[in-house]
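Engineer: Here it is: the structure, laid out below.
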Amino acid sequence: MKAFFRGFVYAGRGVWFCLRHERNFRIHLVAAAAVLAIAPHFRLTRGEWAALLLTLALVIGAEALNTAVEQAVDLASPASHPKARAAKDAAAGAVLVCAVAAVGVAAALFSRPDGWAALWAWLLARPWGFAATGAAAALAVWFVLRGGAEDAPKP
519 MKAFFRGFVY
529 AGRGVWFCLR
539 HERNFRIHLV
549 AAAAVLAIAP
559 HFRLTRGEWA
569 ALLLTLALVI
579 GAEALNTAVE
589 QAVDLASPAS
599 HPKARAAKDA
609 AAGAVLVCAV
619 AAVGVAAALF
629 SRPDGWAALW
639 AWLLARPWGF
649 AATGAAAALA
659 VWFVLRGGAE
669 DAPKP
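Residue numbers for the sequence shown follow my numbering, beginning at 519 and rising by one.
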């Protein structure tokens, strides 16, 4: 049982590494948070929520796997090598495919004018909502640009 829980510690370290060292991971987290903040105004069905959550997890998971590939390739091949570059490019391409699919899912789920009207009405009914949105946007920019370590550790 101890080994089982140790796996969660290792997973947490991996997520923490991505948070500290990968700007794109932080960008995807901010995008996911923004999507989750507006989603309730669109009255999504359970199936739509499932699609949304799976899509967000897919993009964030792909970014974590991309980081793992980059770190492993850097360790195995510190010098530039065409196969190392191909491995890194393929991993980055996988993230791109997932991100493009996520945009498609978001376009399908958030193309309802009544959802945008509900969001706007919610903001207008709460004057602090605009200030909170601005503060959240500023915090998101800080988190993406300054929220991590300078560089990932080199092997």
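Even for Gly, the Cβ is constructed at its ideal location relative to N, Cα and C.
In terms of alpha-carbon separation, which member of Phe628, Arg538, Phe526 lies closest to Val553?
Structural biologist: Here residue 553 corresponds to residue number 35 of the sequence shown, with the count starting at 1. Out of Phe628, Arg538, Phe526, Phe628 has the C-alpha closest to the C-alpha of Val553.
Engineer: Can you name, in chain order, every residue of its own chain whose Cβ lies under 7 Å from the Cβ of Ala605, other than the five neighbours on each side?
Structural biologist: Locating residue 605 in the sequence shown gives position 87, where the first residue counts as 1. Val587, Val591, listed in sequence order.
Engineer: If you run the structure through DSSP and keep just helix, strand and coil, what is Gly652?
Structural biologist: Counted from its first residue, the sequence shown places residue 652 at position 134. Residue state, collapsed to three classes: helix.
Engineer: Does DSSP put Ala597 in a helix, a strand or coil?
Structural biologist: Taking the sequence shown and counting its residues from 1, the one referred to as residue 597 is at position 79. Coil, per DSSP.
Engineer: Tell me which residue opens and which closes the alpha helix (DSSP H) that His628 is part of.
Structural biologist: In the sequence shown, the residue the question calls residue 628 occupies position 110. The residue you asked about is not His; residue 628 is Phe in the sequence shown. Counting along the chain, Phe628 falls outside any alpha helix (DSSP H), and DSSP gives it neither H nor E.
Engineer: Compare the Cα-Cα distances from Val623 to each of Ala639, Ala608, Phe648, Ala568 and report the closest residue.
Structural biologist: For this step, residue 623 is matched to residue 105 along the sequence shown. Val623 has its Cα closest to that of Ala568, out of Ala639, Ala608, Phe648, Ala568.
Engineer: From Arg544 to Val613, what does the alpha carbon distance come to, in whole angstroms?
Structural biologist: Mapped onto the sequence shown, residue 544 falls at position 26. Mapped onto the sequence shown, residue 613 falls at position 95. Rounded to whole angstroms, Arg544 to Val613 spans 14 Å at the Cα level.
Engineer: Please report the Cβ distance between Ala609 and Leu583, rounded to the nearest whole angstrom; I am assuming they are in contact, meaning their Cβ atoms lie under 8 Å.
Structural biologist: On the sequence shown, position 91 is the one that residue 609 refers to. On the sequence shown, position 65 is the one that residue 583 refers to. Indeed they touch by this definition, with Cβ atoms about 7 Å apart.
Engineer: Extract the residue ranges of the alpha helix (DSSP H) inside the segment 540 to 613, only unbroken runs of 4 or more that lie entirely within it.
Structural biologist: DSSP runs (the alpha helix (DSSP H)) wholly in the segment 540 to 613: 541 to 556, 564 to 594.
Engineer: Within a Cβ cutoff of 6 Å, which residues of the same chain sit near Arg538, ignoring the five residues on either side of it in sequence?
Structural biologist: In the sequence shown, the residue the question calls residue 538 occupies position 20. Taken in chain order, the residues that qualify are Gly666, Ala667.
Engineer: Look at Phe560 and Arg630 and say whether their C-beta atoms are less than 7 Å apart.
Structural biologist: Numbered from 1 along the sequence shown, position 42 holds the residue referred to as residue 560. Numbered from 1 along the sequence shown, position 112 holds the residue referred to as residue 630. Closer than 7 Å, so yes.
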